[in-house]
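Below is one structure, written out as structure tokens; comments come after it.
Given below as structure tokens:
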């Protein structure tokens, strides 16, 4: 599976859906880069941070072009998510659903 994914990335794709660890593997092995990435979606940000992916997420964000847009979903708003938002999101809108 990883070999096919690597070939697909080298050929060129419009959308990449990946775990932070797998994406960082491809970035560090130069199979892809994020120079043209204009959107970053972090779904279940709280869960990814709970699972210890914060260093990988920060590494990914550090490689994306500065004018990208970030969309972040989180069921909860723990301090780790708030720090990530403070460090990387500018002029953001927060929408809370429910209590």
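Numbering (my numbering), first residue to last: 36 to 134. We put the CB at the ideal spot given by N, CA and C, even for glycine.
As a quick exercise: from the options, pick the residue whose alpha carbon is nearest that of residue i.
i, options, result
"residue 99", "109, 85 and 62", "62"
"residue 111", "59, 96, 129 and 122", "129"
"residue 73", "106, 109, 113 and 102", "102"
"residue 53", "75, 64 and 46", "75"
"residue 93", "119, 114, 79 and 81", "119"
"residue 108", "91, 89, 114 and 82", "82"
Less than 8 Å between the C-beta atoms of residue i and residue j, yes or no?
i, j, result
"residue 116", "residue 69", "no"
"residue 95", "residue 55", "yes"
"residue 66", "residue 49", "no"
Legend entry - alpha helix (DSSP H) runs contained entirely in the segment 40-105, provided each spans 4 or more residues: Correct list: 55-63, 80-85 and 89-98.
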